[in-house]
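K.L.:
Number of protein chains: 2
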Amino acid sequence: MSAGGGLREVSRRAVQSRIARAAEELFVAKGFEETTVDEIAAAVGMSQRSFFRYFASKDEVVLDRLERLGEELSARLEARPPREPEWDSLRHSFDPIVERLSDPVVREHDRALQRIVHASPRLLAAYLGRLDRLQGSLSDLLLDRAARHPGGETDPVVLRALVGGAFACLQAAMQHCGVEPEVFEPCLDRTMAAMRPVTASAAW
Amino acid sequence: MSAGGGLREVSRRAVQSRIARAAEELFVAKGFEETTVDEIAAAVGMSQRSFFRYFASKDEVVLDRLERLGEELSARLEARPPREPEWDSLRHSFDPIVERLSDPVVREHDRALQRIVHASPRLLAAYLGRLDRLQGSLSDLLLDRAARHPGGETDPVVLRALVGGAFACLQAAMQHCGVEPEVFEPCLDRTMAAMRPVTASAAW
DNA sequence: CGGAAAGTGTCAGTGACTGTCAATCATTGC
DNA sequence: GCAATGATTGACAGTCACTGACACTTTCCG
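Note that the protein sequences, when read in sequence, are chains A and B.
If you use our numbering, the first sequence corresponds to residues 1 to 204, in order.
If you use our numbering, the second sequence corresponds to residues 1001 to 1204, in order.
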């Protein structure tokens, strides 16, 4: 009894993929702002109206993958040992990203997306908005965890800042490796080691 | 020979203030998305076209103050002793905000603005976009400082993460105090103390 | 006084996005 | 096979943010 025809979800995803591929091609070629929704729809062979049935906005085409990646991060964080220092749990919840970026093909693709996002202030802002919400849900998760297992940080403000700090490391490392050809994982580890809060005890 | 009639700048600011006041009133009453630019323009008694001569976008009306606040933060950071640990310099560059929020009238006003911003995903995203750019310029500033005075952090990635972490504290504290009636300054100090990176040496 | 500069209103247009409606297409029950 | 049903779609019209062009007025300054 999954909400609304479970089988349909597959073809919906397939159409979304077709749209996303066509759109990204256009974005790379002409830039995000310079590409109209009409052009994307035409490239896929559908009406503009139908485009908006698969994506709530033009932004969504680019940011959709981020949504799913966010769910992965949440799952990873939840799977961590509950008494591990938050900082280390957060570092490990970034593993899906590290793994993604270890594949050269994926890396180049993500780099192209990153360039597109950073080239449009509007898109960049939307991207940061998503990240912010994700951070909110991750810190809620850690708050829950601390309530169930003693020893964790229980101050929601500190917790929110902690998650924000970890994401600041992630962002900084990603942005750096998007430009310089430095390997991502050591760059992230170095940054998170330097930024480890005094609070986060090293042993457990 | 100041660019384009320096005296005019005064009246321009005055008009902007009138628009901003009228707009905020409408935003509080009806919400940001539900208020059209036409309504704002009508409330001030000007054409829509003229509204866009004073503000580049509807977002700008709300985020304009942030821009000037950002310049204040930059100035404060630059004025700090160059060998002070970055974390402390950043904390002190937040002083203008602390001072602003110590006035009860201003605090209530800013709280209203904060509610407006957080109620609209579009506005919130734009707000985060501004913050991101501000963080970029602050970390450039610290990078410069480290180049001139030995002892500071010279890795641009770590530096960027450091600034991001400090802003995460700021954001967390601001958001918390926007809801709970906790006093802002101790909340910020507590959070930044808990988040102080191991790198940032306490003494200098 | 005369002419440049600055500010404004009007109008037309683009592009993102939404609501509505009728047509189509696949599925299901008979 | 066939009709009812529900999902998917295109066509069309409309809203709203935002932009460019042009004409008009006011202000400033020699």
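From the three backbone atoms N, C-alpha and C, an ideal C-beta is built for every residue, glycine too.
Model, not experiment: these values are computed from the prediction.
Does Trp-204/A get closer than 7 Å to chain B when you measure Cβ to Cβ?
P.N.:
Here the question's residue 204/A lines up with position 204 in the first sequence. Reliability fails at Trp-204/A, whose pLDDT of 46 lies under 50, so the model's placement of it is uncertain and the value that follows must be treated cautiously. Taking Cβ atoms only, chain B never reaches closer than 7 Å to Trp-204/A, which makes this a no.
K.L.:
So what does Pro-197/A bridge to, in DSSP terms?
P.N.:
Against the first sequence, residue 197/A aligns to sequence position 197. Looking at the DSSP assignment, Pro-197/A forms a beta bridge with Pro-1197/B.
K.L.:
Excluding five sequence neighbours on each side, which residues of the same chain lie with their C-beta closer than 8 Å to the C-beta of Phe-1051/B?
P.N.:
Here residue 1051/B refers to the residue found at position 51 of the second sequence. Only Ile-1019, Val-1037, Ile-1040, Ala-1041, Val-1044 meet the Cβ criterion.
K.L.:
For Asp-1132/B, go through chain A and note every residue whose CB falls closer than 9 Å to its CB, in chain order.
P.N.:
Here residue 1132/B refers to the residue found at position 132 when the second sequence is read from its first residue. Those within 9 Å of Asp-1132/B in chain A are Leu-124, Ala-125, Leu-128, Gln-171.
K.L.:
If you measure between the beta carbons of Ala-125/A and Ala-1119/B, is that distance less than 7 Å?
P.N.:
Taking the first residue of the first sequence as position 1, residue 125/A is located at position 125. Taking the first residue of the second sequence as position 1, residue 1119/B is located at position 119. In this structure, Ala-1119/B does not lie closer than 7 Å to Ala-125/A by Cβ.
K.L.:
Within 10 angstroms of its Cβ, does Phe-1027/B collect 16 or more other Cβ (buried), or is it exposed?
P.N.:
For this step, residue 1027/B is matched to residue 27 along the second sequence. Burial call: buried.
K.L.:
When burial is assigned at 16 or more other CB atoms within 10 Å of the CB, is Ser-139/A buried or exposed?
P.N.:
As a working note, residue 139/A is residue 139 in the first sequence. Buried, because 16 or more other Cβ atoms sit within 10 Å of the Cβ of Ser-139/A.
K.L.:
Given a cut-off of 7 Å, decide if Val-1106/B and Gln-1135/B are closer than it, judged by their beta-carbon atoms.
P.N.:
Here the question's residue 1135/B lines up with position 135 in the second sequence. Here the question's residue 1106/B lines up with position 106 in the second sequence. Not in contact: Gln-1135/B and Val-1106/B (Cβ atoms no closer than 7 Å).
K.L.:
Rounded to the nearest angstrom, what separates Gly-129/A and Arg-1145/B at their Cα positions?
P.N.:
Within the first sequence, residue 129/A is the residue found at index 129, counting from 1. Within the second sequence, residue 1145/B is the residue found at index 145, counting from 1. Approximately 31 Å, taken between the alpha carbons.
K.L.:
If we count Cβ pairs, one from each stretch, closer than 8 Å, do we get three or more for the segment 1079-1091 of chain B versus the segment 1154-1172 of chain B?
P.N.:
With a cut-off of 8 Å, the segment 1154-1172 of chain B and the segment 1079-1091 of chain B count as touching, because enough Cβ pairs lie within range.
K.L.:
What residues from the segment 80-104 of chain A come within 9 Å of chain B, judged by C-beta to C-beta, listed N to C?
P.N.:
Those would be none; no residue qualifies.
K.L.:
So does the segment 175-194 of chain A actually touch the segment 145-157 of chain A, counting three or more Cβ pairs closer than 8 Å?
P.N.:
Touching, no, given that fewer than three Cβ pairs across the two stretches are closer than 8 Å.
K.L.:
What residues of chain B sit near Arg-196/A, judged by a beta carbon separation below 7 Å?
P.N.:
Within the first sequence, the letter at position 196 stands for residue 196/A. Residues of chain B passing the Cβ test: Pro-1197, Val-1198.
K.L.:
Here's a check: name, in chain order, each residue in its chain whose Cβ is nearer than 8 Å to the Cβ of Glu-1067/B, leaving out the five neighbours to either side.
P.N.:
Counted from its first residue, the second sequence places residue 1067/B at position 67. Same-chain partners within the cutoff: Arg-1130.
K.L.:
I'd like to know whether the C-beta atoms of Val-157/A and Thr-1035/B end up nearer to each other than 7 Å.
P.N.:
Your numbering for residue 157/A matches position 157 in the first sequence. Your numbering for residue 1035/B matches position 35 in the second sequence. Not in contact: Val-157/A and Thr-1035/B (Cβ atoms no closer than 7 Å).
K.L.:
Report buried or exposed for Arg-1013/B, applying the criterion of at least 16 other Cβ atoms within 10 angstroms of its Cβ.
P.N.:
Here residue 1013/B is taken as the residue at index 13 of the second sequence, counted from 1. When all chains shown are included, Arg-1013/B counts as exposed.
K.L.:
Buried or exposed for Glu-1086/B, going by 16 or more other Cβ atoms inside 10 Å?
P.N.:
In the second sequence, residue 1086/B corresponds to position 86, counting from 1. Result: buried.
K.L.:
Give a yes or no on whether 7 Å exceeds the smallest Cβ distance from Arg-145/A to chain B.
P.N.:
Residue 145/A sits at position 145 when you count from the first residue of the first sequence. False, the Cβ-Cβ gap to chain B never drops below 7 Å.
K.L.:
Taking CB distances under 7 Å as the criterion, tell me whether Val-1061/B reaches chain A.
P.N.:
Here the question's residue 1061/B lines up with position 61 in the second sequence. For Val-1061/B, the answer is no, since every Cβ of chain A falls outside 7 Å of its Cβ.
K.L.:
For Glu-78/A, which residues from the same chain have a beta carbon less than 7 Å from its beta carbon, with the 5 sequence-adjacent residues on both sides left out?
P.N.:
On the first sequence, residue 78/A is found 78 positions in, with the first residue counted as 1. Same-chain partners within the cutoff: Leu-141.
K.L.:
Of all the CB atoms in chain B, is at least one closer than 7 Å to the CB of Ala-191/A?
P.N.:
Here residue 191/A refers to the residue found at position 191 of the first sequence. Checking the displayed sequence, the identity of residue 191/A turns out to be Thr instead of Ala. True, the Cβ-Cβ gap to chain B drops below 7 Å.
K.L.:
So Val-183/A is in the alpha helix (DSSP H); what residue range does that whole segment cover?
P.N.:
Taking the first residue of the first sequence as 1, we reach residue 183/A at position 183. It is not in any alpha helix (DSSP H) - Val-183/A carries neither H nor E in the DSSP assignment.
K.L.:
Indicate whether at least one CB of chain B lies closer than 7 Å to the CB of His-118/A.
P.N.:
Position 118 of the first sequence, counted from the start, is the residue given in the question as residue 118/A. Cβ-Cβ to chain B under 7 Å: no for His-118/A.
K.L.:
In chain order, what residues of the same chain lie with their CB nearer than 7 Å to the CB of Ala-112/A, ignoring the 5 residues before and after it?
P.N.:
Here the question's residue 112/A lines up with position 112 in the first sequence. Around Ala-112/A: Val-28.
K.L.:
CA-CA distance, Leu-1069/B and Lys-1058/B?
P.N.:
Counting from 1 along the second sequence, the entry for residue 1069/B is found at position 69. Counting from 1 along the second sequence, the entry for residue 1058/B is found at position 58. Computed Cα separation, rounded: 19 Å.
K.L.:
Give a yes or no on whether 7 Å exceeds the smallest Cβ distance from Pro-1186/B to chain A.
P.N.:
The residue you call residue 1186/B lines up with position 186 of the second sequence. So no, Pro-1186/B is outside the interface.
K.L.:
Just how far apart, CA to CA, sit Ala-173/A and Arg-1196/B?
P.N.:
As a position in the first sequence, residue 173/A is number 173, starting the count at 1. As a position in the second sequence, residue 1196/B is number 196, starting the count at 1. Approximately 19 Å between the Cα atoms of the pair.
K.L.:
Mind pulling the chain B residues with CB within less than 7 Å of Val-181/A?
P.N.:
Mapped onto the first sequence, residue 181/A falls at position 181. Per the sequence shown, residue 181/A should be read as Pro rather than Val. Chain B residues near Pro-181/A: none, gap ~14 Å exceeds 7 Å.
K.L.:
Taking 7 Å as the threshold (beta carbon to beta carbon), is Ala-168/A in contact with chain B?
P.N.:
In the first sequence, the residue the question calls residue 168/A occupies position 168. Taking Cβ atoms only, chain B reaches closer than 7 Å to Ala-168/A, which makes this a yes.
K.L.:
So Leu-162/A contacts chain B; which residues on that side make the cut at Cβ distance below 7 Å?
P.N.:
Within the first sequence, residue 162/A is the residue found at index 162, counting from 1. Under the 7 Å cutoff, chain B gives Met-1195.
K.L.:
If you draw a straight line from the C-alpha of Val-1098/B to the C-alpha of Pro-96/A, how long is it?
P.N.:
As a first step, residue 1098/B is located in the second sequence; it is residue number 98 there, counting from the start. As a first step, residue 96/A is located in the first sequence; it is residue number 96 there, counting from the start. Straight-line Cα distance between these residues: approximately 38 Å.
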